[in-house]
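Asks:
Residue numbers (mature numbering (1 follows the signal peptide of the UniProt record, and there is no 0)): -19 to -1, 1 to 825.
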């Protein structure tokens, strides 16, 4: 017994001597289960989200729709005039038709959205709400209905714990490239497609391997398409904008500081992704050089068959003059409010109204200028939809401009004093982080419900698979000493690794990873914080199929339905919290700041201490005002430490189709010079490449058959990389490169599409002649109004329009003429019913 005791003590001592043992979480936190009432509500709401662009044939929806039509006033409403407003809208301009394009940037569309939303929100009980929702489901434009039902569910008390489906399952054509949407529609229609053509048959489902809009060999902003076009990021921004839509929301937020903090955090996150890809810090938009802006082609299609317009500045001089006038007056506004006795919070609230939330805001005018010339095309661009805004690189440049305007204007305010930053008796002694790792995972979601018609009884599913960035669970251990027992506020930031003298200059590049309260005890405190515990983050949405199964299991007592608030489901995606690492380790800084926790005062007399500590409640504290390096980074309650993030390339599957997401960019700290990118826009660019050169390969079946995973990592550019290395490091890198070159000799080219500027593989492509790369669809078969659908009359303009590439269909798809009594959707716009051999074919 004594021997065992001594052995135990020895092992414990050894563990303490080696440092902390950091355990990363392996499971998510426990959630409460829903009672029977919530299960019933969840079941009733599910049919509202199925195939939203077609009229539902669900019996209960059909019946309640007819009842609401007979007398909309039947029911209890907290504001009775909402029904009068609805009747006035229907009798006046009328409702936006289902086949029309809805956008949140048009005033008339917003007014209709407000009217529909208020009917849903002010329904006094769930029965009244559900009847109105069934009517809206059948009669309201599908894009507008999706906005209204999301807003109502998020804000109503009787739906606050409902699982909401993902926006990309309801309107997938706003998230997935048009060529894959067309391919999915053809599969549902029954058209046979070559399974080698990016389509796999897995069980009872067809899975399409979907690409982003990244061009081959691109080294510019398109390199970040995997981040900007991430369906989780797009959904987060969409729902965040809906939540803060002041002109619509019945409970508009007055907290401009929180909105400004959110914008700065998104910019910091985007710059981290640029840093991980060896791109320079993003610069704000310059109105004097609009012609130099990148014209983004989203490769998306509307449900009525029309394409999203390519974004480009329209050169409206009057709008440009207004924008510059607002910019010039922002500093004057801040000085005037400061001299008038307004505090920082009130000043930022007013600035956010001028720049973002107001009816004629700076952002609204800027997007109007940047969305493109409507005289050329009447279709909106991605900048005019909340669901698609973050896809366009120019959106991020505009956000950077707004952040710079506010930051520069706030410089006239006094900076934080040492007393507002110092936490007496508290010292951060050490920070430990377990190895942080990122990778790409294949994410699969279903398109079947959104694309099929109600008359089709599809016996199989059509899904898309897309590589997306994720990270493994990680944890921080923070060693903090305290002289007294007290409550503290802990903030954890990460940012690019810079020299100590640049920390203040680059403070806007630090992203807040977590902020939480902690009860410090006297002496040493070991604070452990896992990634699963971090606040303001959300896991992936549950799919409609998953929600149906959970409801069914709960009804039969097989399992319970998890109970979580709707707001907790729409926060920033937890898998995107870390930037993509590099194989050798992306160098970063982690900054921990601990401040005294002060309970908010509800009014009455406030002491000087409370006034001094008011800054702690600012979301951006301590980086929202000018600071000096000795004021903050030298404090005992703050500590900066180096960390690295490693990227794991599990297979070559994510390098296919020109994505090259697992490449190994220069991982050094922020580069001072910009590398010129060689942009390829020829036949090897992704939109132009024939689909039949993109072979599909099932990597799961061939796992571990192709040697080491490191063999498939992209080589580094030694000529650029070694300039920033010390002599000792260069020797190590050269040795590693020699080893990699030896290993690379045995690398097997898995398919023809393994092409990257950093790889030596032979590029194998099989192209048709130029005149077979362009096809015309008879415009009169689509609609009388749309004469340019998929039509390119001038080949010299091919770089500015999407090319329609020939797919290897065993049966050619047909174009459907819409019956007048049917609404347009992506399914029946593109294909004709299969009647006989004399039907006109799409491709001529």
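Heads up, the beta-carbon is just placed ideally off N, CA and C, and yes, glycines get one too.
How would you label residue 451, buried or exposed, when you count the other beta carbons within 10 angstroms and need 16 or more for buried?
Replies: The residue is buried, with at least 16 neighbouring Cβ atoms inside 10 Å.
Asks: Along the chain, where does the alpha helix (DSSP H) containing residue 508 start, and where does it finish?
Replies: Premise fails: residue 508 lies in the beta strand (DSSP E), 504 to 511, not in any alpha helix (DSSP H).
Asks: With respect to the alpha helix (DSSP H) encompassing residue 71, which residues constitute its N-terminal and C-terminal limits?
Replies: Counting along the chain, the alpha helix (DSSP H) containing residue 71 begins and ends at 62 to 72.
Asks: Between residue 159 and residue 244, what straight-line distance do the alpha-carbon atoms span, to the nearest angstrom?
Replies: Each residue's alpha carbon lies about 30 angstroms from the other.
Asks: How many angstroms separate the CA atom of residue 317 from the CA atom of residue 267?
Replies: Whole-angstrom Cα-Cα distance: 26 angstroms.
Asks: Could you check the C-alpha separation between residue 403 and residue 559 for me, to the nearest Å?
Replies: Cα to Cα, the separation comes out at about 29 angstroms.
Asks: Applying the criterion that 16 or more other CB atoms from any shown protein chain within 10 Å of the CB defines a buried residue, is residue 539 buried or exposed?
Replies: Answer is exposed; the Cβ neighbour count stays below 16.
Asks: Would DSSP call residue 182 helix, strand or coil?
Replies: DSSP places residue 182 in strand when its eight states are reduced to three.
Asks: Is the number of C-beta pairs between the stretch 145 to 155 and the stretch 104 to 119 that are closer than 8 angstroms three or more?
Replies: Contact fails: fewer than three Cβ-Cβ distances are below 8 angstroms.
Asks: Rounded to whole angstroms, what is the Cα-Cα separation between residue 57 and residue 139?
Replies: For residue 57 and residue 139, the distance between alpha carbons rounds to 15 angstroms.
Asks: What is the rounded straight-line gap between the Cα of residue 562 and the Cα of residue 257?
Replies: In a straight line, the C-alpha of residue 562 is about 6 angstroms away from that of residue 257.
Asks: Can you tell me which of the three DSSP states residue 29 falls into?
Replies: It is helical.
Asks: Which same chain residues end up closer than 8 angstroms to residue 269 when comparing Cβ atoms and leaving out the 5 residues on each side of it in sequence?
Replies: So the list is empty, once near-sequence residues are dropped.
Asks: Rounded to whole angstroms, what is the Cα-Cα separation between residue 609 and residue 309?
Replies: C-alpha separation (whole angstroms): 27 angstroms.
Asks: Under a three-way DSSP split, which group does residue 433 fall into?
Replies: Coil at residue 433, not helix or strand.
Asks: Going by beta-carbon coordinates alone, are residue 281 and residue 289 separated by less than 7 angstroms?
Replies: Cβ distance < 7 angstroms, so residue 281 and residue 289 count as in contact.
Asks: For residue 105, which three-state DSSP category applies?
Replies: Here residue 105 sits in coil by DSSP.
Asks: With 16 as the cutoff for other CB atoms within 10 Å, does residue 4 come out buried or exposed?
Replies: Note that residue 4 scores 49 on pLDDT, short of 50, meaning its location in the model is unreliable and no value can be drawn from it.
Asks: Helix, strand or coil: how does DSSP classify residue 771 here?
Replies: With a pLDDT of 36 at residue 771, under the threshold of 50, the modelled position of this residue cannot be trusted, and the question is left open.
Asks: In angstroms, rounded to a whole number, what distance separates the CA positions of residue 555 and residue 212?
Replies: Spanning the two alpha carbons is a distance of roughly 13 angstroms.
Asks: Could you check what DSSP says for residue 333 in three-state terms: helix, strand or coil?
Replies: Helix.
Asks: Spell out a yes or no on whether the stretch 571 to 580 and the stretch 469 to 484 are touching, meaning 3 or more CB-CB pairs, one atom from each, closer than 8 angstroms.
Replies: The stretch 571 to 580 is in contact with the stretch 469 to 484.
Asks: Please determine, among 191, 260, 154 and 428, the residue with the shortest C-alpha to C-alpha distance to residue 205.
Replies: Nearest of 191, 260, 154 and 428 to residue 205, Cα basis: 260.
Asks: Going by DSSP, what residues sit across from residue 469 in a beta bridge?
Replies: Residue 469 pairs with 499 and 577.
Asks: Label residue 528 either buried or exposed according to how many other C-beta atoms from any shown protein chain fall within 10 Å of its C-beta, with 16 as the threshold for buried.
Replies: Counting Cβ neighbours within 10 Å, residue 528 comes out buried, since at least 16 surround it.
Asks: Considering only their Cβ atoms, is the gap separating residue 508 from residue 571 smaller than 7 angstroms?
Replies: Not in contact: residue 571 and residue 508 (Cβ atoms no closer than 7 angstroms).
Asks: Identify, in the order they occur along the chain, each residue of the same chain with its Cβ nearer than 7 angstroms to the Cβ of residue 219, setting aside the five sequence neighbours on each side.
Replies: Taken in chain order, the residues that qualify are 148, 367 and 368.
Asks: Beta-carbon within less than 7 angstroms of residue 620's beta-carbon, same chain only, minus the 5 sequence neighbours each way: which residues are those?
Replies: Excluding residues within five positions, the ones whose Cβ falls inside 7 angstroms are 409, 412 and 573.
Asks: Please return the same chain residues whose Cβ sits closer than 7 angstroms to the Cβ of residue 83, not counting the five positions on each side in sequence.
Replies: Closer than 7 angstroms at the Cβ level, and outside the excluded window around residue 83, lie 77, 90, 122, 124 and 125.
Asks: When the Cα atoms are used, what is the spatial distance from residue 445 to residue 154?
Replies: Going by the C-alpha atoms only, they are around 12 angstroms apart.
Asks: Determine the contact status of residue 242 and residue 603, defining contact as a CB-CB distance below 7 angstroms.
Replies: No, they are not a contact pair.
Asks: Mind checking which residues open and close the alpha helix (DSSP H) that includes residue 156?
Replies: It is not in any alpha helix (DSSP H) - residue 156 carries neither H nor E in the DSSP assignment.
Asks: Quick one, are the C-beta atoms of residue 432 and residue 179 less than 7 angstroms apart?
Replies: Not in contact: residue 432 and residue 179 (Cβ atoms no closer than 7 angstroms).
Asks: Looking only at its own chain, which residues have a Cβ that is under 6 angstroms from the Cβ of residue 337, when we skip the five neighbours before and after it?
Replies: Within the same chain, residue 337 has close Cβ partners 344.
Asks: Kindly identify the DSSP beta-bridge partner or partners of residue 424.
Replies: Answer is 447.
Asks: From residue 265 to residue 365, what does the alpha carbon distance come to, in whole angstroms?
Replies: Answer to the nearest angstrom: the Cα atoms are 20 angstroms apart.
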